[in-house]
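Just below is one structure, and these are the notes that go with it.
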Amino acid sequence: MRGFYQLGAFVYRFRWGVLALWGAILIFSAIFAPDLSGRLKGGGFEGSNSEAERVQNVMSEEFGVSPAALTVVFTGNGLDARGEQFQDAQDRALEEVGEMDEVRYVASYANSKDGRFISKDGEKSYAIVAFSVSIDQARNVVAEVREKVRSEELNTYVTGAPAVYQDLEAASNEDVQRAEKYAFPFAVVILVFAFGTLVAAGVPVVIGGASVLTSLAIIYFFAGAYDMSVFVLTLSTMLGLGLGIDYALFFVSRFREELEDYSTAEAVPRTVATAGRSIFFSGTAVLVGLSGLLFFPFMFMRSIGFAGVIVVFVSVVAALTFLPALLGVIGPRVNRLGIRRRGGATGAGFWSRSAEVVMRRPLVVILLVAGILAALLFPVGHMKVGIPEATVLPRSTSRAPGTTC
Numbered sequence: 001m002r003g004f005y006q007l008g009a010f011v012y013r014f015r016w017g018v019l020a021l022w023g024a025i026l027i028f029s030a031i032f033a034p035d036l037s038g039r040l041k042g043g044g045f046e047g048s049n050s051e052a053e054r055v056q057n058v059m060s061e062e063f064g065v066s067p068a069a070l071t072v073v074f075t076g077n078g079l080d081a082r083g084e085q086f087q088d089a090q091d092r093a094l095e096e097v098g099e100m101d102e103v104r105y106v107a108s109y110a111n112s113k114d115g116r117f118i119s120k121d122g123e124k125s126y127a128i129v130a131f132s133v134s135i136d137q138a139r140n141v142v143a144e145v146r147e148k149v150r151s152e153e154l155n156t157y158v159t160g161a162p163a164v165y166q167d168l169e170a171a172s173n174e175d176v177q178r179a180e181k182y183a184f185p186f187a188v189v190i191l192v193f194a195f196g197t198l199v200a201a202g203v204p205v206v207i208g209g210a211s212v213l214t215s216l217a218i219i220y221f222f223a224g225a226y227d228m229s230v231f232v233l234t235l236s237t238m239l240g241l242g243l244g245i246d247y248a249l250f251f252v253s254r255f256r257e258e259l260e261d262y263s264t265a266e267a268v269p270r271t272v273a274t275a276g277r278s279i280f281f282s283g284t285a286v287l288v289g290l291s292g293l294l295f296f297p298f299m300f301m302r303s304i305g306f307a308g309v310i311v312v313f314v315s316v317v318a319a320l321t322f323l324p325a326l327l328g329v330i331g332p333r334v335n336r337l338g339i340r341r342r343g344g345a346t347g348a349g350f351w352s353r354s355a356e357v358v359m360r361r362p363l364v365v366i367l368l369v370a371g372i373l374a375a376l377l378f379p380v381g382h383m384k385v386g387i388p389e390a391t392v393l394p395r396s397t398s399r400a401p402g403t404t405c
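Residue 205 in full-length UniProt numbering sits at position 205 of the sequence shown, and the numbers go up by one each step.
Here it is, written out as structure tokens:
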């Protein structure tokens with residue numbers, strides 16, 4: 001505990017320097033974090049040395065066959081898919097696609113007369129756009145393909161592995177934006193209710209945001225050297241916000257209690273020695289657990305483990321340096337802008353009354369909670385586990401109608 005107390009005293013003594021350092025880190029992170037999605041990759045659900053992977057490598061090297069392919073679905077609002085009008089419109093839509101450098105060939109009913117390219121009702125048709133490049137390289141031209149296959153006579157939908165991974169990346173970016181738009185305000189409301197003051201409620205949000213931004217920037221640089229899954233973006237945002245706010249909530253609560261008996265100069269190191277110590281060991285336990293994912297042979301799992309380790313590490317460091325430095329500057333002002341009266345440490349508030357109820361009827365509470373948990377576990381028996389595919393995407397993506405067709 002003495003070591004954590006000394007850490008808190010050091011951070012308080014050089015609080016302005018610590019804040020300046022974190023300010024520089026956040027400015028630096030804000031430059032690179034937004035570009036992370038461009039470095040992430042799709043797939044990663046197969047082992048790096050699996051039989052399927054080895055066969056695919058042979059096919060790519062010896063025969064030039066890439067697993068990257070798009071399916072373009074055409075519907076004609078009642079037109080006969082085998083008819084001249086439908087096929088001419090389809091050929092015009094595919095003409096420019098076939099001339100792209102990345103495209104190896106385009107297969108359709110027009111150049112094969114294979115009836116399998118026509119739907120059972122005879123009103124839909126599809127074409128296969130095979131690439132000579134990897135899935136990740138094909139991902140980069142999905143938007144171009146979608147633009148080129150647009151037709152005035154036909155409705156066109158583009159699906160396939162590259163399109164799915166591209167849409168997953170877009171969905172991840174939208175999730176991050178949605179978190180910024182909805183999660184932060186919601187978190188502020190909860191924190192205001194918990195603390196009763198706007199200043200105290202704002203501190204955890206700042207720490208959570210700083211943890212996410214810094215983590216994404218660090219992952220950006222590692223993604224330039226190692227393959228990282230597109231799912232890293234959503235995971236990092238979710239985990240960073242949760243841990244950052246959770247640790248700060250715990251820390252700020254303890255700091256306010258210490259302020260009742262000590263000055264800011266003493267309250268900061270005492271808080272680091274108690275709440276900070278708990279945060280350190282809690283984060284270490286989470287970090288060790290997530291590090292186990294680094295030993296999986298799948299890029300997807302390794303990415304999740306690596307991103308989790310980075311986010312937890314940054315969240316703990318922020319809680320032990322940035323947070324105490326910030327509170328050292330704010331001091332007693334952390335209790336300003338109150339919206340409700342704060343109860344004393346031993347007051348009979350909601351949580352105190354709840355604890356009394358639990359202690360009076362412990363067996364009843366145990367049975368009640370166990371019943372609720374059992375009910376929540378019921379859906380697990382019907383859970384289907386598998387590799388993410390097009391069905392995990394929102395129905396609003398252009399992939400959805402194509403897959404349905």
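Using N, Cα and C, we set each Cβ at its ideal position, and we do this for glycine too.
Per DSSP, what kind of secondary structure is residue i in: helix, strand or coil?
i	result
GLY347	For GLY347, the predicted model reports a pLDDT of 49, less than 50, meaning its position is unreliable and no value from the coordinates is stated.
TYR262	coil
LYS41	strand
ASN173	helix
ASN77	coil
ARG15	helix
ARG270	helix
MET291	Before going further, note that residue 291 is Ser rather than Met in the sequence given. In this structure, SER291 counts as helix in the three-state DSSP scheme.
TYR226	coil
VAL385	coil
ALA69	strand
ARG336	coil
Which residues in the same chain as residue i place their Cβ atom closer than 7 Å to its Cβ, once the five residues preceding and following it in sequence are excluded?
i	result
THR346	For THR346, the predicted model reports a pLDDT of 46, less than 50, meaning its position is unreliable and no value from the coordinates is stated.
ALA265	TYR12
GLY23	none
ALA273	MET1, PHE4, TYR5 and GLY8
ALA30	LEU213
MET301	LEU293
ALA33	LEU213, LEU216, ALA217 and TYR220
Locate the alpha helix (DSSP H) running through residue i, then write down its first and last residues.
i	result
LYS148	142–148
ASN111	109–112
PHE221	198–223
ILE190	184–195
PRO362	362–377
PRO297	First-last for PRO297: undefined, no H or E at that position.
GLU95	84–98
PRO324	323–330
ILE135	135–139
For the candidate residues the options, whose alpha-carbon lies nearest to that of residue i?
i	options	result
PHE193	PHE281, GLY78, SER253 and LEU26	SER253
PHE104	GLY209, ALA68, THR75 and ARG116	Sequence check: residue 104 is Arg here, not Phe. Nearest option by C-alpha distance: ALA68.
LEU198	PRO185, GLY209 and VAL164	PRO185
TYR165	GLY208, GLN137, PHE28 and SER151	GLN137
THR159	ALA183, ALA127, SER151 and VAL329	ALA127
SER315	PHE10, ARG360 and VAL286	VAL286
GLU99	ALA89, ALA130, GLY78 and SER125	ALA130
VAL97	SER108, SER119 and VAL149	VAL149
GLU153	THR237, ASP121 and GLY78	GLY78
VAL317	PHE295, TYR109, GLU169 and SER282	SER282
THR214	ARG302, LEU36 and GLN85	LEU36
ALA183	GLY240, PHE195 and VAL380	GLY240
GLU147	PHE313, ARG92 and ARG116	ARG92
LEU233	VAL357, GLY42 and LYS384	GLY42
PHE28	ARG139, LEU216, SER119 and LEU94	LEU216
VAL230	ALA307, SER291, VAL72 and LYS181	ALA307
ALA81	LEU367, LYS124, LEU376 and ALA89	LYS124
ALA107	VAL73, ARG353, SER134 and VAL288	VAL73
MET238	TYR109, THR75, ASP261 and SER172	SER172
PHE280	VAL312, VAL268 and LYS113	VAL312
ASN155	SER352, PRO379, ALA89 and SER291	ALA89
If you follow the beta strand (DSSP E) that residue i is in, where does it begin and where does it stop?
i	result
TYR157	155–159
ILE128	124–131
Cutting at 8 Å between CB atoms, please list the residues of its own chain near residue i, excluding the five before and the five after it.
i	result
ALA200	LEU191, VAL252, ARG256, VAL334 and ASN335
VAL142	LEU70, VAL158, PRO162, ALA163 and GLN166
SER322	Contrary to the premise, residue 322 reads as Phe rather than Ser in this sequence. Around PHE322: VAL18, LEU19, TRP22, ILE207 and ALA210.
PRO332	LEU259 and THR264
ALA187	PRO204, VAL205, GLY208, LEU241 and ILE245
Kindly list the residues whose CB is nearer than 6 Å to the CB of residue i, restricted to its own chain and excluding five residues on each side of it in sequence; keep chain order.
i	result
ARG270	GLU258
ILE218	ILE310
ALA325	VAL11, ARG15, VAL18 and LEU19
PRO204	LEU191, ILE245, ALA248 and LEU249
LEU373	none
ASP175	THR234
GLN87	ALA110
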